[in-house]
Amino acid sequence: MVNRTLKLSDSLRARYLCLRILIGVFKKSKTVSQTLEEQGFRFHSFRADEIARAKRISDFIFVYLQGLDDCIDLYADKKIKLEVRNILRMVVAESFLDEVPNYAIVNSAVQLSKLSSATKYFSGLINAISRRILVYVRNGNLILESVLEKKLRLYLSDFYPDEVIKRIEKLMPQKAPLDINIKDVEETSYWEKKLIAKKLPTGTLRLQNHKDLFSLQGFKEGKWWVQGISSSIPVKTLGQIAGLEVLDLFSAPGGKAMQLISAGAKVTCLDFSKKRLEILKKNLIRMKMNAKIINSDIKKFESQKKYDIIVIDAPCSSSGTIIKNKDLPHLFPVERIPDLTATQDESLDLARKSVKEDGTILYCTCSLFPTESEERISKFLTVNKDWKQKVICPEEHGIDEEWVDSKGGLRLRPDHLFDFGGMDGFYAAILTQNP
């Protein structure tokens, strides 16, 4: 917990926040978002530019961790305390980013060390090692390469060729692209020009400059919402859905719900998180959209009503979002799979019971792991012989043939649209009952 009496100088605020992010990820196994949401950080009221700088430095560390640690190990014991190593990681990152002069980097590292009982007795060591690191880096001796965390890379190698993994690694240093969906499809060309955006194959717009996202024209007016191309494609594969009753499971923060509503569907949104549902409500108000909202766990949800379509955006490892969430590879997403697959299977079973006989189930995950995706569908179809998987036709939806797997499921990878900055990894399957 942050010391509430701690007074931080202007030069330390972003660095201190960055250090807390590193502690959150490497020691507490918390995401960057979870760390930033902690009550202690709200007390300090970090400015937007300070948060941005802290994330810029920490993202650099997450992407180039192996090279940064190799550099530190040239001058420090490999068993050095994690808290000390985190400060030195920041020294290497800042020296490579070349944002500030050497003396400022060293002074801040020493000052940071004195703020914690875990590092205050190492301030002299941090001072000496920092100076040596800076000389090494400034002389051009450090060459960094983006490499995925070893365990994650090894796990992915069971499912994807090495050239695919290398392409993903090349995208890791880049800032994740930001895509938007237009409420009125007929206005797409207008907003493409107005926002100086790039139109992607499925009609989604990719913003070229999104530093001041919320101040862009059309946002407050509810003309568009933020949604990655990967997340938007599954709903588009449903075809004409105007007038149909749709249950959107795990609906918040509402990207797919807004897609469904804009396509004319009557949508019921279900989510177990009150906090996330508040975000969904705000999004719907801004977009001037209406939906029925239910706060419930799927294990407790019962409905006499049957729906034409049930959309499942299932909780998953989020491994497909590693370009956007650069901390994720270091949070061991593979270890979360057993608990997640149980929820994924439960959601499919609920959908089976709640959909009309001639209805459709759309199952999605933002995961690269077949265990959470293809294998869940295979298991469902093995148990439920009266169901089948509908083949998604690339030509009908303007998507690349490579994006559809051999069984007709949508299999998107971060390296797809490589020349445009990639996309999130995503999986989707459409299920219907046998006649």
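One gets our numbering by counting positions in the sequence shown from 1 and adding 12 to each. We treat Cβ as the ideally placed atom computed from N, Cα and C, and that holds for glycine.
Supposed contact pair residue j and residue i - C-beta distance, whole angstroms, cut 8 Å
i      : j      : result
Ser142 : Ile117 : 7 Å
Leu160 : Leu380 : About 11 Å; that fails the 8 Å criterion.
Lys235 : Lys195 : 6 Å
Val258 : Val323 : 6 Å
Pro345 : Phe262 : No, Pro345 and Phe262 are not in contact; Cβ-Cβ is about 17 Å, not under 8 Å.
Cys378 : Gly332 : 4 Å
Val44  : Asp339 : 5 Å
Leu217 : Lys210 : 7 Å
Glu154 : Phe108 : Reading the sequence as shown, one finds Leu at residue 154 and not Glu. Leu154 to Phe108, Cβ: 7 Å. Contact.
Leu20  : Asn98  : About 17 Å; that fails the 8 Å criterion.
Endpoints, the alpha helix (DSSP H) within which residue i is located
i      : result
Glu204 : Thr200 to Lys206
Val44  : Val44 to Leu48
Val3   : It is not possible to answer for residue 3, since the shown part of the chain is limited to 13 through 447.
Asn139 : Ser135 to Arg150
Val75  : Ala60 to Val75
Ile155 : Looking at the DSSP string, Ile155 is not in any alpha helix (DSSP H), and its letter there is neither H nor E.
Phe38  : Asp22 to Phe38
Ala121 : Asn114 to Ser125
Residue range of the beta strand (DSSP E) that includes residue i
i      : result
Gly12  : As displayed, the chain neither begins before 13 nor continues past 447, which places residue 12 out of reach and without an answer.
Thr377 : Val367 to Thr377
Ile411 : Looking at the DSSP string, Ile411 is not in any beta strand (DSSP E), and its letter there is neither H nor E.
Ile305 : Lys304 to Asn307
Beta-carbon proximity of residue i to residue j, cut-off 7 Å
i      : j      : result
Leu29  : Phe58  : yes
Ala254 : Asp283 : no
Gly421 : Ala441 : yes
Val279 : Asp260 : yes
Asp427 : Ile245 : no
Cys83  : Val96  : no
Glu62  : Ala88  : no
Lys368 : Asp398 : no
Cross-strand partners of residue i (DSSP beta bridge)
i      : result
Trp236 : Ile194
Arg423 : Tyr439
Ala209 : Leu219
Ile404 : According to DSSP, which records beta bridges pairwise, Ile404 is partnered with nothing at all.
Val416 : Leu422
Gln445 : Trp399
Any non-hydrogen atom of the ligand GDP within 6 Å of residue i CB
i      : result
Ala140 : Absence of the ligand GDP from the depicted structure is noted, as is the absence of any ligand whatsoever, leaving it without description.
**Q.** Whole runs of the alpha helix (DSSP H) within the stretch 311-354, excluding any shorter than 4 residues
**A.** The stretch 311-354 contains no complete alpha helix (DSSP H) run of 4 or more residues.
Q: Run through the stretch 159-196 for me and flag every whole beta strand (DSSP E) of 3 or more residues, listed as ranges in chain order.
A: Segments of the beta strand (DSSP E) lying fully in the stretch 159-196: 190-194.
**Q.** Entirely enclosed beta strand (DSSP E) segments - the stretch 243-296, minimum 3 residues
**A.** Annotation note: the stretch 243-296 contains the following uninterrupted beta strand (DSSP E) runs of length 3 or greater, listed N- to C-terminal: 257-261 and 278-283.
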